[in-house]
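Be aware that the sequence shown starts at 0, since it is given in numbering that gives the first Met the number 0, and climbs by one per residue. Okay, so here's the structure we're looking at.
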Amino acid sequence: MKVSFRWGLSIALVAAAGVVVAVWLRRTSEPVAPATATAQAATPAGAPDHAPSATHPPMFAGTTPPDVDPYGENPLGDVMHRVVDNDQQLHAFKAFYDRPLLDEESLKQYHALLSDPATLAAVEHDLLYPEETKADQASSIKRLMKIDYLHEALDWKENPQHALVVGVVNNVILTDNYPPDMGMDMRVSLSGNKQELFQLLDEYEPAKANALLQASKGTRLEPMVAWIAKSNETRKQLEAKLENQVTP
């Protein structure tokens, strides 16, 4: 099974994010709107006019699960199966993502999924406004898998919807999606998602990552985004140091 985007080191770094979140949330109660509209607009969970989660796009044809259970040796395999089986968009994505090799037709379908505006809209909505009110293994894994989808969409260099994917990543980071009644566990979990997405943006579009950092200034999220950017530099320095240590 493929390893999800930077789970290990990022999880270690984001452990300190709870302190940052607690500090900046006390500074103001006014939410900040996203800088730009992307795949679709959404309303925070718990708001009076909150609508149900966006309808997931229909499963793409030919997304047959692999013959070998991709989670068979994973200690969280049961949780991962439950997450994928109950999310149509993830079920379609993982049927491709967990296969080591894709034939020409399957690759065509996979690219169609990675460039599908409806799927991108669903991913953006689910990352910004998850149905869960408390962080747990299943909800955290589900959002990390959706970040894997965005990673794959960005990694495909010929993606005709590259600008839309970048817009989704940018919007999820800059949107203040922390309702006043949200528990600290969910605040930290969503902040960790923003950190993962900033790493993605910095890897594929570093100039846009810097522009995002500038765009956050003067907003309620400024201290958190600044911390994320700083921790991202720390991560890159640590990775470079480790790489130098193992290089002959």
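Think of the CB as a built atom: it goes at the ideal place given N, C-alpha and C, for glycine as much as any other residue.
Counting every other CB atom within 10 Å of its CB across the protein chains shown gives Q88 a total of 16 or more, marking it as buried.
Using a 10 angstroms sphere on the CB of G182, the tally of other CB atoms stays under 16, which defines it as exposed. Where S139 is concerned, the enclosing alpha helix (DSSP H) starts and stops at 136 to 154. Every alpha helix (DSSP H) stretch that sits fully inside the region 67 to 131 and reaches 4 residues is listed by chain position as 76 to 84, 87 to 96, 103 to 113, 116 to 127.
Just so you know, the alpha carbons of E204 and H80 end up roughly 33 angstroms apart. Three or more beta-carbon pairs separated by less than 8 angstroms are not found between the region 149 to 160 and the region 128 to 138, which leaves the two stretches without contact.
Between the alpha carbons of Y109 and L75 lies a distance of about 25 angstroms. Under the three-state reduction of DSSP output, S230 falls in the helix class. Going by beta carbons, L196 and V168 fall inside the 8 angstroms limit.
Between the C-alpha atoms of I140 and V82 there is a straight-line separation of about 8 angstroms.
Between the beta-carbon of E123 and that of V171 there is about 6 angstroms, and that keeps the pair under the 8 angstroms contact cut. Here D184 carries a helix assignment [DSSP, helix/strand/coil].
Here N231 has F197, Q198, D201 as same chain residues with Cβ atoms under 7 angstroms from its own Cβ, once five neighbours each way along the sequence are excluded.
Judged by DSSP in its simplified three-state form, L220 adopts coil rather than helix or strand.
Annotated three-state conformation of D201 is helix, per DSSP. Per DSSP, the continuous alpha helix (DSSP H) segment holding N169 begins and ends at 161 to 173.
In the structure shown, E242 adopts helical secondary structure according to DSSP, grouped into three states. Secondary structure at E195: helix, using DSSP grouped into helix, strand and coil.
By the CB criterion at 8 angstroms, S190 and M223 fall inside the cutoff.
Assignment of K207 by DSSP, reduced to helix, strand and coil, places it in the helix class. The Cβ atoms of L112 and A137 do not sit closer than 8 angstroms to each other. Rounded to whole angstroms, the Cβ separation of L212 and A225 is 7 angstroms, and the two are in contact under 8 angstroms.
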